[in-house]
Amino acid sequence: MEFTIANARLLDGSVVDVAIANGVISEIGNGLNVGKKVDATKNLMIPGLVDLHTHLREPGREDSETVATGSMAAAKGGFTAISAMANTFPVADTAGVVEQVYRLGQEAGFCDVFPIGAVTQGLAGKSLAELGAMANSKARVRIFSDDGKCVSDPLLMRRALEYVKTFNGIIAQHAQEPALTVDSQMNEGIVSSKLGLVGWPAVAEEAIIARDILLAEHVGSRLHICHLTTAGGVDLVRFAKARGINVTAEVTPHHLLLTDDLVSNYDPVFKVNPPLRTEKDVLALRKGLADGTIDIVGTDHAPHPNEDKDCEWQSAAFGMVGLETALSVVVKAMIDTKMMSWADLVDRMSIAPAKIAGYARHGQIIKVGAAANLTIIDTTANWVVDRNRLASKSKNTPFEGMQLPAKILHTFLNGKQVLKDGAIMNGGAIE
Amino acid sequence: MNKHLLSINDLSEDEAFEILNTASELAKISDGPMKKLPTLRGRTVVNLFFEDSTRTRISFESAAKRLSADVINFSAKGSSVSKGESLKDTAQTLQAMGADAVVIRHGASGAAQRLADSGWISASVINAGDGTHEHPTQALLDAYTIRSKFPEFSKSFKGLRVAIVGDILHSRVARSNVLLLTKLGATVTLVAPPTLIPVGVVDWNVKVSYDLDSVLKDIDVLMMLRVQSERMANSFFPSEREYSRGYGLDITRLNSLNSNAIVMHPGPMNRGFEISAESADSHKSVVLAQVSNGVLIRMAVLYQLLGGAALTGEVSV
Numbered sequence: 000m001e002f003t004i005a006n007a008r009l010l011d012g013s014v015v016d017v018a019i020a021n022g023v024i025s026e027i028g029n030g031l032n033v034g035k036k037v038d039a040t041k042n043l044m045i046p047g048l049v050d051l052h053t054h055l056r057e058p059g060r061e062d063s064e065t066v067a068t069g070s071m072a073a074a075k076g077g078f079t080a081i082s083a084m085a086n087t088f089p090v091a092d093t094a095g096v097v098e099q100v101y102r103l104g105q106e107a108g109f110c111d112v113f114p115i116g117a118v119t120q121g122l123a124g125k126s127l128a129e130l131g132a133m134a135n136s137k138a139r140v141r142i143f144s145d146d147g148k149c150v151s152d153p154l155l156m157r158r159a160l161e162y163v164k165t166f167n168g169i170i171a172q173h174a175q176e177p178a179l180t181v182d183s184q185m186n187e188g189i190v191s192s193k194l195g196l197v198g199w200p201a202v203a204e205e206a207i208i209a210r211d212i213l214l215a216e217h218v219g220s221r222l223h224i225c226h227l228t229t230a231g232g233v234d235l236v237r238f239a240k241a242r243g244i245n246v247t248a249e250v251t252p253h254h255l256l257l258t259d260d261l262v263s264n265y266d267p268v269f270k271v272n273p274p275l276r277t278e279k280d281v282l283a284l285r286k287g288l289a290d291g292t293i294d295i296v297g298t299d300h301a302p303h304p305n306e307d308k309d310c311e312w313q314s315a316a317f318g319m320v321g322l323e324t325a326l327s328v329v330v331k332a333m334i335d336t337k338m339m340s341w342a343d344l345v346d347r348m349s350i351a352p353a354k355i356a357g358y359a360r361h362g363q364i365i366k367v368g369a370a371a372n373l374t375i376i377d378t379t380a381n382w383v384v385d386r387n388r389l390a391s392k393s394k395n396t397p398f399e400g401m402q403l404p405a406k407i408l409h410t411f412l413n414g415k416q417v418l419k420d421g422a423i424m425n426g427g428a429i430e
Numbered sequence: 000m001n002k003h004l005l006s007i008n009d010l011s012e013d014e015a016f017e018i019l020n021t022a023s024e025l026a027k028i029s030d031g032p033m034k035k036l037p038t039l040r041g042r043t044v045v046n047l048f049f050e051d052s053t054r055t056r057i058s059f060e061s062a063a064k065r066l067s068a069d070v071i072n073f074s075a076k077g078s079s080v081s082k083g084e085s086l087k088d089t090a091q092t093l094q095a096m097g098a099d100a101v102v103i104r105h106g107a108s109g110a111a112q113r114l115a116d117s118g119w120i121s122a123s124v125i126n127a128g129d130g131t132h133e134h135p136t137q138a139l140l141d142a143y144t145i146r147s148k149f150p151e152f153s154k155s156f157k158g159l160r161v162a163i164v165g166d167i168l169h170s171r172v173a174r175s176n177v178l179l180l181t182k183l184g185a186t187v188t189l190v191a192p193p194t195l196i197p198v199g200v201v202d203w204n205v206k207v208s209y210d211l212d213s214v215l216k217d218i219d220v221l222m223m224l225r226v227q228s229e230r231m232a233n234s235f236f237p238s239e240r241e242y243s244r245g246y247g248l249d250i251t252r253l254n255s256l257n258s259n260a261i262v263m264h265p266g267p268m269n270r271g272f273e274i275s276a277e278s279a280d281s282h283k284s285v286v287l288a289q290v291s292n293g294v295l296i297r298m299a300v301l302y303q304l305l306g307g308a309a310l311t312g313e314v315s316v
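Taken in sequence, the protein lines are chains V and W.
Just so we're aligned, residue 0 is where the first sequence starts under numbering that gives the first Met the number 0, counting upward by one.
Just so we're aligned, residue 0 is where the second sequence starts under numbering that gives the first Met the number 0, counting upward by one.
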C-alpha cells in the first residue's frame with residue numbers, strides 16, 4: 000500500500016505532501032497523488048516516538064498487559080518503537096525470552112518492540128545474565144537493565160559496564176540504593192512525614208547515580224540513568240557530561256508534571272517507583288530536559304491490574320501506565336510552559352532515544368529514503384483522559400480526568416498505517 | 000461534623016472543643032444512676048481490628064455499648080483476613096451486614112482513609128490507628144485529660160506547654176497530638192534523638208529538642224511515647240540503656256518537673272525503659288485517667304458522627 004499524507008506541517012514550518020511506498024518516504028513535495036490519501040491539513044508530522052522504557056508484562060503477567068495490548072497503546076500514543084523491560088516472569092535474561100518478546104512484537108505489528116535484557120540472572124543482582132547471547136540473538140539486544148531493581152553491587156555494575164563494550168551495549172540503571180529504601184513508600188519529606196509513610200530519600204537515588212557515573216568514567220563505558228527524579232540527580236548528570244563521561248539520562252512524563260503532595264489522599268494510583276518528588280525537583284527536571292542534560296523522555300509505562308491498585312497504599316503495586324499520555328504530558332509540561340520547542344520534543348522523544356539504542360529505522364529526520372515511521376498530531380486539540388478508553392489492558396493512569404493538549408491522529412509503522420484518526424487499526428494495519 | 004473521623008485535620012478547633020464538651024456532658028451522665036444511654040439503639044458499630052489492640056478495642060466497644068449500639072468485633076487474627084482476604088472484601092462484607100460505623104485499626108498508614116474514600120462502603124469510618132499515620136481519638140482523649148487537669152485552659156490551650164518524648168517518627172499518637180494540640184493553641188516541643196524525628200518536622204509548627212533535661216522545667220504536660228525495642232535493631236539508637244539514660248523518665252527527671260505538671264503515656268508502657276515504675280505510678284501520672292477518658296471521648300465521637308438524638312432529656316427515658 001502506498002500513501003500520500005497531504006498538507007502536513009513539518010518541524011521547520013513547511014507544509015508538504017509526503018508520499019510513502021515500500022515502507023519508506025518515497026517523495027516529498029506539493030500536489031503529490033500516490034496511493035491512499037491521508038489529509039493532514041493543519042497537523043504536524045514528526046518521526047514516530049521512541050520509548051526506551053516500557054513494561055509489557057508478557058510473559059507472565061498477561062492479566063495486566065500483553066505485548067499486543069502494549070503495542071496498541073504505543074501506537075495510540077504515537078510511538079513506533081518501544082523497549083520491553085526485562086522484569087517479566089520468567090525474566091528476560093536469556094536469548095529465548097528476548098526472542099519470544101521480539102517475535103510477539105512483530106506478530107502484533109503495531110510498533111517495533113525491542114527487548115531489553117536483564118543485567119543479572121533473574122534480576123537477583125548476584126551474577127551476570129548471558130548478555131552476549133542476548134546481544135547475538137535475533138532480538139539483537141543492546142540495552143540491558145534490571146529495572147525495578149538496582150544493580151546495587153558496585154563490582155557487578157563495573158563488570159556489566161565493561162562487558163557490554165564488546166557489542167556497544169549500554170547499561171540502563173534503576174538508581175535506588177536498596178539499604179536506604181527498605182519498605183519505602185513515597186518521597187521522604189514534608190508529605191511522607193505527615194502521612195506516616197516510610198520515606199524514600201533523594202539521596203538513595205543520587206548516591207547510585209554518583210557511583211555509576213564514576214564507574215562509567217573509570218571503565219570508559221556507556222551508562223544510561225533511568226527515570227531521574229531529583230534535582231540533585233540532574234546536577235550529577237550535568238557534572239558528568241561536563242567531564243566528558245558517556246552518560247545519558249531519562250525522565251518520565253509523570254515526573255515532569257506530578258508532585259508528592261498528590262499522595263495525600265493515599266490513592267495508590269500515585270504510587271510509583273521512583274516516587275513522585277517535590278515541585279523543586281519537577282522544575283529541575285524540566286530545566287534539565289530543556290537544556291539537554293536529560294537526553295530523553297522514557298515512559299516507564301507500568302501496567303497493573305485493578306486489584307493491585309484498589310487497596311490500601313502499602314499493599315499496592317508501584318507503577319503507572321503512560322504510553323498513551325506521554326506526548327501530551329510532555330507538551331503540557333515543556334511546550335505549554337515555553338521551556339521547549341516541538342523540535343526539542345522530537346529530539347527528546349524520538350531522535351535521541353533511537354540514537355542511544357541504535358534503532359536505525361526510527362528517529363530519522365523526515366526526508367526521502369527515511370523509514371516511514373511517522374506520527375501525525377493535531378497540536379491545537381485538547382482531550383480529557385478517560386481510563387476506560389485506554390488501549391492498554393491496565394487502567395492505572397494518574398492523569399484520569401485531566402485535560403491535556405495535543406492529540407495523536409495517525410501513526411505509521413514502516414509504511415503501514417496502525418492508527419487512523421486516533422483509533423487503532425484493529426482489523427490489522429492498512430498496508 | 001463530618002461523616003468520618005480519619006485525621007485530626009478533619010476537625011476545626013470548634014469541632015474539637017465540641018467533642019471535648021460532649022465528653023464532659025457524658026461524664027456527668029455517667030456519674031448518674033443511668034450509665035447506659037439509648038442514643039444509638041438499633042445502630043451497628045463494627046470494630047475492625049487488623050492489629051492486636053485489646054485496649055483500644057474494648058474502649059470503643061464499651062463506648063458503643065454505653066450508647067446502646069449493637070457491636071460486632073471483627074479481628075483479623077483467625078479470620079479470613081489472615082487467609083489473604085483483602086481490605087476491600089472485608090469492608091464490603093461488613094457493608095452487606097449493615098454497619099453504620101466502622102472503627103478500623105490497621106497496620107497500613109492511610110487504611111482508614113482508603114476505607115472512607117474508595118466507595119467500598121457507605122458507613123462512617125473512625126480511625127482507631129492507621130500504621131504510623133494517626134490515632135485521632137487518642138489525641139482527643141489526651142486533650143480531654145489535659146483540660147480536666149488544667150481548668151484554666153478549658154476554652155483554649157493558648158499558653159499550655161507540652162513536650163512529647165520518644166519515637167516521634169513511628170508514632171501515630173504523636174502525629175495526632177501535634178495536630179490537635181497546636182490546633183487548640185498549645186506550644187508543643189518534640190523530644191527525641193534525631194533518628195526518631197521525621198525529616199518533614201519543619202512543617203509541623205513545633206519546637207524540636209534532642210535534650211530532654213533542658214525542656215523539663217518549662218512544660219505543663221510531659222507526654223511519654225512507647226518506644227519499641229525493635230527500633231534498636233535498626234540502629235535508631237545504640238542500646239536500650241543509652242536510650243533510657245537520654246530520654247527515659249526516671250525519678251530525677253520526674254522531680255525536676257513543675258509541681259503541677261502532669262505525666263501522660265498512651266500505653267502500653269515499657270516500665271523501666273521509656274518510663275520508670277515510680278514515674279508511671281506517681282501522683283503526677285494521669286495514665287489511668289487517660290484510659291477512662293478514652294471511653295467518654297469515643298462515646299462523644301460516635302454520638303457526633305452517627306448523629307444520635309439529643310443527650311439531654313433522654314437520660315431519664
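Backbone N, C-alpha and C fix where the C-beta goes; we use that ideal spot for every residue, glycine too.
Query                                                                                                                           : Result
Residues that N432 (chain V) contacts on chain W, provided the C-beta gap is smaller than 8 Å                                   : The first residue shown for chain V is 0 and the last is 430, placing residue 432 (chain V) beyond what the model contains.
Below-8 Å beta-carbon distance, T186 (chain W) vs any chain V residue                                                           : no
Identified DSSP bridge partners for F48 (chain W)                                                                               : W:S74, W:R104
Same chain, Cβ closer than 6 Å to M268 (chain W), neighbours up to 5 away in sequence not counted                               : I274, A279
Cβ neighbour criterion (16 or more within 10 Å) applied to H217 (chain V)                                                       : exposed
Of the residues V:G198, V:E176, V:D234, the one placed nearest I207 (chain V), counting alpha carbons only                      : V:E176
Residues bridged to T410 (chain V) (per DSSP)                                                                                   : V:T374, V:L418
Whole-angstrom C-beta distance between L224 (chain W) and S175 (chain W), which should lie under 8 Å                            : Rounded, the Cβ-Cβ distance is 12 Å, inconsistent with contact.
Min CB distance D166 (chain W) to chain V below 8 Å                                                                             : no
Buried or exposed by the 16-neighbour rule on C-beta atoms within 10 Å, applied to Q172 (chain V)                               : buried
Where H3 (chain W) meets chain V, residues with beta-carbon distance less than 9 Å                                              : What H3 (chain W) touches in chain V: nothing, since even the nearest Cβ is about 13 Å away.
Residue nearest to V383 (chain V) in terms of C-alpha spacing, selected from V:I365, V:S327, V:M338, V:Y358                     : V:S327
Neighbour list for D202 (chain W) in chain V, Cβ cutoff strictly below 8 Å                                                      : I189, S192, K193
CB contact check: N305 (chain V) to chain W, cutoff 8 Å                                                                         : no
Test: S314 (chain V) CB closer than 8 Å to a CB of chain W                                                                      : yes
Distance CB(A132 (chain V))-CB(T93 (chain V)) smaller than 8 Å                                                                  : yes
DSSP state of E17 (chain W) mapped onto helix, strand, coil                                                                     : helix
Helix, strand or coil at W199 (chain V) [DSSP, three-state]                                                                     : strand
Terminal residues of the beta strand (DSSP E) in which A5 (chain V) lies                                                        : 2-8
Validate contact between the segment 370-379 of chain V and the segment 394-411 of chain V using beta carbons, cut 8 Å, 3 pairs : yes
Environment of L159 (chain W) [buried if 16+ CB atoms lie within 10 Å]                                                          : buried
Between the CA atoms of G400 (chain V) and G291 (chain V) - distance to the nearest angstrom                                    : 31 Å
Burial state of I250 (chain W) (16 or more Cβ within 10 Å)                                                                      : exposed
Beta carbon of N167 (chain V) nearer than 8 Å to that of P274 (chain V)                                                         : no
L222 (chain V), enclosing beta strand (DSSP E) - first and last residue                                                         : 222-224
Unbroken beta strand (DSSP E) run spanning Q172 (chain V), endpoints                                                            : 169-172
Inter-stretch contact at 8 Å, needing at least 3 Cβ pairs: the segment 8-26 of chain W / the segment 131-148 of chain W         : yes
Proximity of N395 (chain V) and H303 (chain V) at Cβ, strictly below 8 Å                                                        : yes
Own chain residues within Cβ distance below 7 Å of A299 (chain W), not counting five before or after                            : I18, T21, A22, L25
Same chain only: Cβ atoms within 7 Å of Y162 (chain V), ignoring 5 sequence neighbours per side                                 : L127, L130
Within-8 Å CB hit, K157 (chain W) to chain V                                                                                    : no
Neighbour flag for N264 (chain V) against chain W, beta carbons, 8 Å                                                            : yes
T247 (chain V), DSSP secondary structure in three states                                                                        : strand
Same chain, Cβ closer than 6 Å to G198 (chain V), neighbours up to 5 away in sequence not counted                               : E187, S191
Per-residue contacts from L257 (chain V) into chain W (C-beta, under 7 Å)                                                       : Those do not exist, as L257 (chain V) stays about 18 Å from chain W at its closest Cβ, beyond 7 Å.
S284 (chain W) - DSSP class collapsed to helix/strand/coil                                                                      : strand
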